[in-house]
Every structure is written in structure tokens, then in C-alpha cells.
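Colleague: Numbering (the working numbering), first residue to last: 11 to 453.
Structure in C-alpha cells, see below.
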Ligand code: S3P
């Protein structure tokens, strides 16, 4: 995928942020609703689907595989083809910037006897795929560019996948999901063993679509088993607000004096709320109100008010539940008094960019003392941030949004070198921030 010309943006100090609003649908749940809809028999109707580039690429991919995903009114409809019922696409499938779309769809392709080429942008083409291809090859996926482990990649699936038992070497919901999705197509039971809990949307939604998925805790690990030769049935899905997008608004409210912001209808599944726990430990006034359950997921309105923050230690065990939120947490840590130590961040190095390096560099460019020690990031906060720097975003939407958040409370404006990639996950970011009182200027 070609990228548009870079769009730099500068974030200026705001007086206060106030208001109630909603953020767009959760990205993880949106991808899964489209994919499971395509593998189901009958029609799946999705409300609140995230209409960002990453998810639209997944919608295009399932359409190209013979399960059209179309929008009518405010509802997306997927005409499912049943497990194993997709057909070969006419050309390569382009996943743009999306690791989730790519890896989950590899699990789908594995179960179909067809040849598919997957492509992506410069960032995605650098990301490791061996973590998914390894177990999928054990099940029967064939990689046509043997030895190659990054996009573009041509592969051939099989209608005779072998079920496996696989212990995850990295805490990755994407890897877990790809194997479970392939397992739907295998004859017999496929088990994924995870020692660190990762987001469980695949398990929840597969059950909702009628698959037999069991999770058993044993010796400190969770064994997740899916029964093969599965049948999924089209369902109605309502996608809750994305906690990883809400994170920027909540963090902005905490650091801009006088702020009081409520984000309605946010997913608060505990495999996703590590950031919010951490902010509370830092002294942040963050509360979940109106807690409820919708479509098998916990939802709440999140209220955040400006707070005096202190540095904390964020344990490695918490990393999977806030893996996408470290850049913005690190930005907030600059406004806290004392040291914030974030451990267990190895996975940050293989996201849309090396987020560990990009975050540390962005902080240093804006006068915040930060250092990387192995897989840890340590930020020494003084209660205020000088700002005035320009941040290199490396095609990474979350690096851009984290530093545009930081600039709202720093002494001098903060510039990010590109904002085009924000459209991959949160196209409404700037508009919603401005609705609360943020001030941004081009360049
Ligand atoms: C996701 C899982 C996470 C996360 C990504 C979405 C998912 O990746 O970073 O934004 O939807 O499963 P890993 O599971 O590879 O850590």
C-alpha cells in the first residue's frame, strides 16, 4: 500500500478538556466480527464497526474471499460462507498497516485449499510472521516462498488441517487467535496454552457464534481448546467503544488542569484495562461508571478528571492487558512526580514500529528524562513537561496520538512528523479531542 504524503501536526497547550462523548468501535472486536461472520453460515449484522483503514482492509479481504461485507444504514452485513467455504481471491490481499488482520486471516487461509498472496505497507512488511506461520505450518499451511517470514507472502492452505497443541512462546492474542481459527477447520481438538493471559475476544466471540471453545486453568497456565469441523452461525454483533482509543482522551483529561471528561460505552474487559489500573495507581481520578454487560463483554462509561500523578512501577505481568497503551502511559509519566518503571516490554519492539525506542526518543526530544534498560522503559517525571520537540512517528499511529496528547499539557507545543497513519485505527482522534477543547495546528 502506498502512503499519502506525511501530515505533520502540532499540539498546543489546552486550557481544560470537558465533555461526554463516545469513541469508535473496538478494533480487535471489529476484525473478529468480520472474520467470524465470513466463516459463519447466514448473515452477520455488525453495529458500531470501527471504520478505520485496518478494519476496512479486513472487510475487503473477506469480500475478496467470497463473503461480501457491505454497509447499509448504520449496519455492516457479512454474507457468510461457512467454515471452509471461502474461495480464492482474484488478486493479492492487502492488509495495509494491520498485524491483526494479517495474522488472523492467516488462520483462515490455512483452512482452505487455495493459494493466497498477502501484502502490506512498509511497517507491516517488517513485522515478524514466523510466530504465526510456525504453528500454522505444523497444522498444514504451506508457505510458497519457503524460508520467507515477512510480507509479501504467498501461501497455500489445506482442507485437511491437523489439530495441534501449542504453547505460546510469546504472549500474543494474534497468534492464539490465528491457531484457534485454523483449529475450527481441523479434524479434532486444537489447544493453545498461554502462561500470560492475553485478550480473549476470539474465545468469547467464537462461543457466541456457536463454536465449542473451552478454557481450563492448569498449573498457572490457561489451556484453550477449540473443537474442529466447527459450524458457526451468523449473529448480530454490537461493537463496544475501543479502550485503546479512549486511552488518549482519558490520559489527556488527567494531565490538562481543570479537565473532566466522560467516554461512554467503552469495553472494559479485564484483559484490556491494564492502563486504567495503572492510572489509578498513579493517583489518577479515573472511574468506571454504569458498568454493564453487552454481547458477552463488559462495558462502562469512563470518567476522568485532572489529577496530580505520581510515578509507579508497572509490573511485567500487566503488559498484555495494556500492550498498545505504553506510548501514552509514558507520555503521562512525564507529568507525574517521580519515576515510572515499565517492565516486560519486549513485544513493544515488534509493533507498528519499535515502540520502545520511538517512545523513549519522543520523550527525550521533549525534555523528559527517559531510558531503556533491556525490556524496560523508565521515565523520570517532574510534574511538568517542557515540550517543544518534534517526534518521529515511524508510520505508527499510536506514537503519533501519544505525543499529540502530551502536547496538550506541556509548556511548549509538541509536533509529530506525520498523522496520516492515525486513520488506521482512530480517524476521529483529532475531531474528538478538539470537541473536548484540544488545539492542534497543521505542521
Ligand atoms: C490484538 C492483539 C495485540 C495488539 C493489537 C491487537 C488483537 O497484539 O497489540 O493491537 O486484536 O488480537 P499481540 O497479540 O500480537 O500482542
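Each residue gets a CB set at the ideal place from its N, CA and C atoms; glycine is no exception.
Predicted model, so just to flag it, every value in this text is computed and none were measured.
Any chance you could list the alpha helix (DSSP H) runs of at least 4 consecutive residues sitting entirely within the region 328-360, in chain order?
Modeller: Complete alpha helix (DSSP H) runs here, min 4: 336-343.
Colleague: Can you give me the Cβ contacts of residue 69 inside the same chain, cut-off strictly under 6 angstroms, excluding the 5 residues immediately before and after it?
Modeller: If we look at residue 69 and ignore the five residues flanking it on each side, its Cβ neighbours are 44, 79.
Colleague: So is the beta-carbon of residue 208 under 7 angstroms away from any non-hydrogen atom of ligand 1?
Modeller: Correct: residue 208 has its Cβ closer than 7 angstroms to ligand 1.
Colleague: Report buried or exposed for residue 313, applying the criterion of at least 16 other Cβ atoms within 10 angstroms of its Cβ.
Modeller: Under this definition residue 313 is a buried residue.
Colleague: Since residue 121 contacts residue 171 with CB under 8 angstroms, what's their CB separation in whole angstroms?
Modeller: Between residue 171 and residue 121 the Cβ distance is about 6 angstroms, and since that is below 8 angstroms, they are a contact.
Colleague: Is the closest heavy atom of ligand 1 to the C-beta of residue 184 under 7 angstroms?
Modeller: Checking the Cβ of residue 184 against ligand 1 gives yes.
Colleague: When the Cα atoms are used, what is the spatial distance from residue 421 to residue 132?
Modeller: Using only the alpha carbons, I get a separation of about 34 angstroms.
Colleague: Please go through the same chain and pick out, in chain order, the residues whose beta-carbon is closer than 6 angstroms to the beta-carbon of residue 359, but skip the five residues on each side of it.
Modeller: Within the same chain, residue 359 has close Cβ partners 366.
Colleague: Output needed for residue 297: all residues of its chain with C-beta closer than 6 angstroms, excluding positions within five of it in sequence on either side, in chain order.
Modeller: Hits under 6 angstroms: 313.
Colleague: Taking residue 220 as the reference, give the member of 243, 212, 265, 413 with the closest Cα.
Modeller: Closest by alpha carbon: 243.
Colleague: If I measure Cβ to Cβ from residue 207 and keep anything under 7 angstroms in the same chain, skipping five residues before and after, which residues do I get?
Modeller: Closer than 7 angstroms at Cβ, skipping near neighbours: 232, 281, 330.
Colleague: Buried or exposed: where does residue 1 fall if 16 or more other Cβ atoms within 10 Å of its Cβ makes it buried?
Modeller: The structure shown does not extend to residue 1, since the chain is modelled only from 11 through 453, so no value can be given for it.
Colleague: Can you give, in chain order, each stretch of the alpha helix (DSSP H) that sits fully within the region 381-439 and has at least 4 residues?
Modeller: As far as the region 381-439 is concerned, its whole alpha helix (DSSP H) runs of at least 4 residues are 407-416.
Colleague: What is the rounded straight-line gap between the Cα of residue 317 and the Cα of residue 411?
Modeller: Going from the Cα of residue 317 to the Cα of residue 411 covers about 21 angstroms.
Colleague: Pick from 397, 158, 409: whose alpha carbon is nearest that of residue 23?
Modeller: The option with the nearest alpha carbon to residue 23 is 397.
Colleague: So the alpha helix (DSSP H) residue 200 belongs to, where does it begin and stop?
Modeller: Here residue 200 belongs to no alpha helix (DSSP H); instead the beta strand (DSSP E) covers 199-204.
Colleague: Please list the segments of the alpha helix (DSSP H) lying wholly inside the region 91-117, counting only runs of 4 or more residues, in order along the chain.
Modeller: Qualifying alpha helix (DSSP H) stretches: none in this window.
Colleague: Within 10 angstroms of its Cβ, does residue 107 collect 16 or more other Cβ (buried), or is it exposed?
Modeller: Classification for residue 107: buried.
Colleague: Could you tell me whether the Cβ atoms of residue 404 and residue 370 are closer together than 8 angstroms?
Modeller: No, the Cβ-Cβ distance between residue 404 and residue 370 is not below 8 angstroms.
Colleague: In terms of residues, what are the limits of the alpha helix (DSSP H) holding residue 174?
Modeller: Neither: residue 174 is in no alpha helix (DSSP H) and is coded neither H nor E.
Colleague: For the structure I just gave you, are there three or more beta carbon pairs, one from the region 423-433 and one from the region 24-36, closer than 8 angstroms?
Modeller: With the cut-off at 8 angstroms, the region 423-433 and the region 24-36 do not touch.
Colleague: Starting from residue 140 and walking both ways along the alpha helix (DSSP H), at which residues does that stretch end?
Modeller: Unbroken alpha helix (DSSP H) run through residue 140: 140-149.
Colleague: Name the residue from 339, 187, 102 whose alpha carbon lies nearest to the alpha carbon of residue 288.
Modeller: Comparing Cα positions, the closest option is 339.
Colleague: Checking 8 angstroms against the spacing of the C-beta atoms, do residue 126 and residue 103 come in under that value?
Modeller: Closer than 8 angstroms, so yes.
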